[in-house]
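Asks: The UniProt record's numbering applies: residue 1 is where the sequence shown begins, and numbers increase by one. From the three backbone atoms N, C-alpha and C, an ideal C-beta is built for every residue, glycine too. Can you read through this structure? Questions will come right after.
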Amino acid sequence: MTDSMAMEIGKSALIVTLEIALPILLFSLVAGLVISILQAVTQIQEFTLTFIPKVLATVLALAIFGPWMLHVLVDFTTNLLVNLPHYLK
1 MTDSMAMEIG KSALIVTLEI ALPILLFSLV AGLVISILQA VTQIQEFTLT
51 FIPKVLATVL ALAIFGPWML HVLVDFTTNL LVNLPHYLK
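Structure (structure tokens):
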């Protein structure tokens, strides 16, 4: 395996990681932003008011994007294993 192959595999792994993490992070970010705005407007400073919606948004994102995430991970792993003999030359 050459250095460029290792860098390409690492680059692909990072891209897949970002693709998978982005929907969950965006759902949590939007939920946190909405709750923060509501807290600022109503002047309610309750910890559980920020925590529970973020958890629910994360669960919702996993329910919506879970099959797609699994498909992306399986494709990446399959590609890696199919090309393994080529990488080891």
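Give the range of the alpha helix (DSSP H) segment to which Ile-15 is assigned.
Replies: As a first step, residue 15 must be located in the sequence shown, where it is residue number 15. 3–42 is the span of the alpha helix (DSSP H), which, as asked, contains Ile-15.
Asks: Going by beta carbon distance, what residues of the same chain come within less than 8 Å of Ile-35, once the five residues before and after it are set aside?
Replies: As a position in the sequence shown, residue 35 is number 35, starting the count at 1. Leu-49, Thr-50, Pro-53 and Lys-54.
Asks: Using the rule of at least 16 other Cβ atoms within 10 Å of the residue's Cβ for burial, across every protein chain shown, is Ala-31 buried or exposed?
Replies: Within the sequence shown, residue 31 is the residue found at index 31, counting from 1. That one is buried.
Asks: Alpha carbon to alpha carbon, how far is Leu-33 from Pro-23?
Replies: Mapped onto the sequence shown, residue 33 falls at position 33. Mapped onto the sequence shown, residue 23 falls at position 23. Roughly 15 Å between the two C-alpha positions.
Asks: If you measure between the beta carbons of residue 110 and Ser-28, is that distance less than 8 Å?
Replies: Only positions 1 to 89 of the chain appear in the structure, and residue 110 is not among them; the question remains open.
Asks: Do Ile-20 and Val-82 have their beta-carbon atoms positioned less than 8 Å apart in this structure?
Replies: Indexing the sequence shown from 1 puts residue 82 at position 82. Indexing the sequence shown from 1 puts residue 20 at position 20. Taking 8 Å as the Cβ cut-off, Val-82 and Ile-20 do not qualify as a contacting pair.
Asks: Mapping the DSSP letters down to three states, classify Asn-83 as helix, strand or coil.
Replies: Sequence index remark: in the sequence shown, residue 83 carries index 83 (1-based). Residue state, collapsed to three classes: coil.
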